[in-house]
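Right, one structure below, let's go through it.
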DNA sequence: CTCGTCGAGTTAGAGCCTCTAACGAACGCT
DNA sequence: AGCGTTCGTTAGAGGCTCTAACTCGACGAG
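If you want it as structure tokens, here you go:
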């Protein structure tokens, strides 16, 4: 339980030469992973603002400045944790999609939504980390956009089987413009939903994303606290309604 | 432009006696308002983590510790800004509701949604402030729940005119339990939607809240950046779909 | 096996921050 | 005019991020 955040172990050394498994660099990678794990524990306990490099170092039995041999600074560490978070969420979504592979679309949508919520509520502060302003001048690096796409990918395959009606047609028209303007997005959609109309799949996925974030974001930030309902019920209703609006085949 | 955040000027002195307009306390209230305005400016520029009491004091021409005569600490100041933010949002919603008073429900729903989004995008960091973890150990005070209710109030009157179907019935059942369990919520709903079924109004409002937060939250956090669509289109489609699902009369 | 090199970890310190304590000085009230 | 309240100050404790300079042990080539 509780979402194991494995480090993705990206060995992006500055000098980028080979020989990634020298004993020196293996030790380095291990310490990096330990730092990330300890930092994640702090974030899980008190949110992003509570992350202190000094405290992390002390927890690992060394002094503060030592961490700067492994990360360029606090923001660098946060960025890696954010990327790991996206990867973790993407893995959870992909696993859910695989588990529900043969099921009808509506059921697959519910499976994906449930997986998304389970991942987010398993580590609420990490979810907030992906979408907040953790540091005064923090700027999310551009690669996070790709990783966010990886999280939403499985939705494309399911929602591409629907069709837009009513006000969603306006949304689809904008999606079509976006697709025409940016080939990587087009490739992304075609990779996940090859047989569907790309703009339809995209419109449905963006809508689903907004609904997922709506329910899960409020839940994670504790704004449902004291309310007498289970967020799962709301999420189920939201997905059911989306499936209805897109005409997804019932079970 | 961009949403004047007037201080709500709550004169909650500790000794709570009368005589709120003595020259001393009027000066005090004015300085408090200046502090809050300067702090808000910092937050608008760099988000909640960028708020520094020292910098605020320097900006007002005095030293850091002087602010502790006016606020118990950083969290206290943040709490007041959060409350002011809620009040501001509630005022914007109420104004929109008044402007669209005679219109059909569907149109009123769009007016409220547009007002909500306009308020949030006018001060994105303030929106994030209301729903984030601004400080390591920060705990939102209980009165924020009442203020959040004030923001959503106008939605009750509109959505109480719909009726739940499908999966929303489960949600409505939970709402009914909640209503039975907490009289203040019941009073709140009846104050805004006296002629409607309270559980239906509540279910619709919670759903609308989640959808508003879904679209606006993603937009405010910049996650739509680089995407080729206008969030307003998505929001319109979401509200239109909600109106359809609840059977709100068309224009 | 030896020795130069490289890097991990240290201390020292600058410059922020929040927040407390103690002190002068201005102000309003009686 | 005197007195108490309150405002703003300085001094300082303790924390943070991050840099600079140093020590020392381990790795790797000969």
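Residue numbers (the numbering used here), protein chains in the order written: chain V, 4 to 254; chain Y, 4 to 254. We treat Cβ as the ideally placed atom computed from N, Cα and C, and that holds for glycine. Quantities reported herein were computed from a predicted structural model and do not represent experimental measurements.
- In the DSSP assignment, residue 131(V) falls within the unbroken alpha helix (DSSP H) covering 127-133.
- Annotation for residue 196(V): 159, 160, 163, 204 place their beta carbon closer than 7 angstroms to its own, counting only its chain and skipping 5 residues before and after.
- By the criterion of a C-beta distance shorter than 6 angstroms, residue 119(V) is surrounded in its chain by 215, once the five residues flanking it on both sides are discounted.
- Taking 8 angstroms as the threshold, the shortest C-beta distance from residue 247(Y) to chain V falls below it.
- At a cut-off of 8 angstroms, the C-beta of residue 232(V) has a neighbouring C-beta in chain Y.
- When the Cα atoms are used, residue 194(Y) and residue 226(V) turn out to be separated by approximately 22 angstroms.
- The Cβ of residue 110(V) sits no closer than 8 angstroms to any Cβ of chain Y.
- For residue 39(V), the uninterrupted alpha helix (DSSP H) segment begins and ends at 26-49.
- Per DSSP, reduced to three states, the secondary structure at residue 167(Y) is coil, with no helix or strand assignment.
- Residues of chain V with a Cβ closer than 7 angstroms to the Cβ of residue 178(Y) are, in chain order, 232.
- Note on residue 244(Y): 16 or more other CB atoms within 10 angstroms of its CB, so buried under the neighbour-count rule.
- Here residue 176(Y) carries a helix assignment [DSSP, helix/strand/coil].
- Between residue 169(V) and chain Y, the shortest Cβ-Cβ separation is below 8 angstroms.
- In the three-state scheme derived from DSSP, where H, G and I count as helix and E and B as strand, residue 119(V) is classed as helix.
- Using a C-beta cut-off of 8 angstroms, the segment 85-103 of chain Y makes contact with the segment 139-157 of chain Y, since at least three inter-stretch Cβ pairs fall below that distance.
- For residue 91(Y), the uninterrupted alpha helix (DSSP H) segment begins and ends at 77-102.
- Taking 8 angstroms as the threshold, the shortest C-beta distance from residue 100(Y) to chain V does not fall below it.
- For residue 151(Y), the closest Cβ of chain V is nearer than 8 angstroms.
- Close CB contacts of residue 155(Y) within its chain, under the 6 angstroms cut and outside five residues either way in sequence, are with 208, 212 (chain order).
- The segment 230-247 of chain Y makes contact with the segment 176-191 of chain V: 3 or more CB pairs, one atom from each, lie closer than 8 angstroms.
- Secondary structure note for residue 230(Y): it is in no alpha helix (DSSP H), with a DSSP letter that is neither H nor E.
- For residue 144(V), the closest Cβ of chain Y is not nearer than 8 angstroms.
- Assignment of residue 71(Y) by DSSP, reduced to helix, strand and coil, places it in the helix class.
- Per DSSP, reduced to three states, the secondary structure at residue 250(Y) is coil, with no helix or strand assignment.
- Using a 10 angstroms sphere on the CB of residue 170(V), the tally of other CB atoms reaches 16 or more, which defines it as buried.
- Residues 73 of the same chain have their beta carbon placed closer than 6 angstroms to that of residue 35(Y), with the five preceding and five following residues left out of the count.
- Listed along chain V are 230, 231, 232, each with a C-beta nearer than 7 angstroms to that of residue 181(Y).
- Chain-order list of chain Y residues neighbouring residue 209(V): 230, 232, 237, by C-beta distance under 8 angstroms.
- Among the CB atoms of chain V, none fall inside 8 angstroms of the CB of residue 88(Y).
- The residues 45, 46, in chain order, have a CB closer than 8 angstroms to that of residue 53(V) in the same chain once the five nearest residues on each side in sequence are set aside.
- Sorting 50(Y), 107(Y), 117(Y), 80(Y) by C-alpha distance to the C-alpha of residue 237(Y) places 117(Y) at the top.
- Contact check for residue 80(Y) against residue 100(Y) fails: the beta carbons are separated by 8 angstroms or more.
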